Amino acid sequence: MTAGANRVRWVASPPPGAGPRRPAVRRRPYTGPPSYPATPRWGFPQLAWRWPTSVPGTAHEPATAESVRVAGRLATLMLLITTVTAALATIAELVRYILLVVSLSAPVPEGLAAFSDTFVISAGIVTVVFAIASLYLVLRWLLPAREFGERGRVSARGDGWALACVLIPGWNLIGAFYVLAELEHVACERPPGSRPRPSTAAWIWWAAWLASGVLFVLTLVWGLRDSVQAMADGVLLHAVADAVALVLAYLTARTVTRLTGLLAPLTDGSSPYRRILAVHGAPTSLERAPRPANAPR
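According to the numbering used here, the residues represented by the sequence shown are 975 to 1271, in order.
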């Protein structure tokens, strides 16, 4: 079609929906989860969830104030339980000694003697078990406490030195006091180059630690004697050793609590345990407004 000198071109296009239609997909009924002839090798590994730092080869997570507090609470709780069991062991040894004294003038009933033996053995075993658990938890607290306290400082003595000072027999009678003095020095934020000055509480703890170690060795050596008088004196010596262990466990719990409070105090507002002390500006009436009858439900 022409109109003068201009030409007009007509273009025709199909209307919507006039093109070829896609074949309808027929939905099959659900027959359950898929099944495999063999165990598939894809997917997640069959392992329990672990923190990334517990996998060998990953980076070590630095100690935090909360981790030091948690480890300190666990160690303190176990030490207090050890204090109770050591008290029971002391009572058991004293009861046995009283029965030995009574037996010099009158026979002791067989049932009472059997009960005393059972009491002594049970209390001794339980005390040893809880003492080992307390030592483990104290070490679990000591290492992050040293790391957290020495943040920003260069320490020439690592964790291996601290463990050796606590665990090597004989040397630990003096080395444990070195570790305590250095940790207390760091917790009190004293100058790094100055000489540690242990507090009175640290000296008292060391005296109990020395007495406990000496009595432990003495009871082992005394047990090699087989005379009747030596056995009676050994019972009294065991009672004194258990009493000193009781004092040592309690002083250790006090020391862990004190150093944890110095290293990670709760005055920074990071405590997870909070309670409401007061509410200001709250409405005097907490009654709900009446609900209209025509309100939608």
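We treat Cβ as the ideally placed atom computed from N, Cα and C, and that holds for glycine.
Note that the structure is a prediction, hence the values are computed from the model and not measured.
Legend entry - Whole-Å CB distance - residue 1063 paired with residue 1101, under 8 angstroms assumed: The distance from the Cβ of residue 1063 to that of residue 1101 is about 5 angstroms, consistent with a contact at the 8 angstroms cut-off.
Legend entry - CB of residue 1196 within 8 angstroms of CB of residue 1187, strictly: In this structure, residue 1196 keeps its C-beta atom at 8 angstroms or more from the C-beta atom of residue 1187.
Legend entry - residue 1224, enclosing alpha helix (DSSP H) - first and last residue: Run containing residue 1224: 1202-1237, per the alpha helix (DSSP H) assignment.
Legend entry - For residue 1074 and residue 1206, the rounded distance between their alpha carbons: 7 angstroms
Inset, instruction - With residue 1051 as the anchor, note down where its alpha helix (DSSP H) starts and where it stops. - result: Here the alpha helix (DSSP H) through residue 1051 covers 1039-1076.
Legend entry - Classification of residue 1082 by the beta-carbon crowding that lies within 10 angstroms, buried from 16 upward: exposed
Inset, instruction - Just the C-alpha distance for residue 1107 and residue 1010, rounded to the nearest angstrom, thanks. - result: 48 angstroms
Inset, instruction - Starting from residue 1121, follow the alpha helix (DSSP H) in both directions and report where the run begins and ends. - result: First-last of the alpha helix (DSSP H) with residue 1121: 1084-1123.
Legend entry - Own chain, CB closer than 6 angstroms to residue 1180, minus 5 neighbours either side, in chain order: Excluding five sequence positions before and after residue 1180, the CB atoms of its chain that fall closer than 6 angstroms to its own CB belong to 1151, given in chain order.
Legend entry - Within 8 angstroms, strictly: CB atoms of residue 1036 and residue 1121: yes
Legend entry - Distance between beta carbons of residue 1230 and residue 1046, contact taken as under 8 angstroms: 5 angstroms
Legend entry - CA nearest to the CA of residue 1156, picked from 1176, 1239, 1200 and 1067: For residue 1156, the nearest C-alpha among the options comes from 1176.
Inset, instruction - Say whether chain C places a C-beta atom closer than 8 angstroms to the C-beta of residue 1239. - result: Among the chains in the structure shown there is no chain C, since it carries only a single protein chain.
Legend entry - First and last residue of the uninterrupted alpha helix (DSSP H) at residue 1154: Note, residue 1154: alpha helix (DSSP H), 1146-1161.
Inset, instruction - Give the single residue among 1191, 1055 and 1066 whose Cα lies nearest to the Cα of residue 1088. - result: 1066
Legend entry - CB-CB length for residue 1233 against residue 1161, believed under 8 angstroms: 5 angstroms
Legend entry - Nonlocal neighbours in the same chain, by C-beta distance under 6 angstroms from residue 985, ignoring five residues either side: Apart from the 5 residues on each side of it in sequence, residue 985 has no Cβ closer than 6 angstroms to any other Cβ in its chain.
Legend entry - Contact belief for residue 1223 with residue 1119 at Cβ below 8 angstroms, rounded distance in angstroms: So it is not a contact: roughly 18 angstroms between Cβ atoms.
Legend entry - Among 1267, 1227, 1159 and 1069, the one whose alpha carbon lies nearest that of residue 1173: Comparing Cα-Cα distances from residue 1173 to each of 1267, 1227, 1159 and 1069, the minimum goes to 1159.
Legend entry - Enclosing alpha helix (DSSP H) for residue 1186 [first to last residue]: 1174-1196
Legend entry - Under 8 angstroms between C-beta atoms of residue 1140 and residue 1182: In this structure, residue 1182 does not lie closer than 8 angstroms to residue 1140 by Cβ.
Inset, instruction - Within its chain, find whatever has a CB closer than 7 angstroms to the CB of residue 1214; leave out the 5 residues flanking it on each side and keep chain order. - result: 1189
Inset, instruction - Taking 8 angstroms as the cut-off, decide whether the C-beta atoms of residue 1054 and residue 1227 are in contact. - result: Against a cut-off of 8 angstroms, the Cβ pair of residue 1227 and residue 1054 comes out as a contact.
Legend entry - Whether residue 1071 touches residue 1210 by CB criterion (8 angstroms): yes
Inset, instruction - Assuming residue 1136 and residue 1116 form a contact by the criterion Cβ under 8 angstroms, report the distance between their Cβ atoms to the nearest whole angstrom. - result: 6 angstroms
Inset, instruction - Quick one: give me the first and last residue of the alpha helix (DSSP H) that residue 1240 is part of. - result: Counting along the chain, no alpha helix (DSSP H) covers residue 1240, and no H or E run does either.
Inset, instruction - Give me the Cα-Cα distance between residue 1242 and residue 1038, rounded to the nearest whole angstrom. - result: Reliability fails at residue 1242, whose pLDDT of 49 lies under 50, so the model's placement of it is uncertain and the value that follows must be treated cautiously. Looking at the two C-alpha atoms, the distance is approximately 13 angstroms.
Legend entry - Span separating the alpha-carbon of residue 942 from that of residue 1004: A query on residue 942 cannot be resolved here, the shown segment of the chain reaching from 975 to 1271 and no further.
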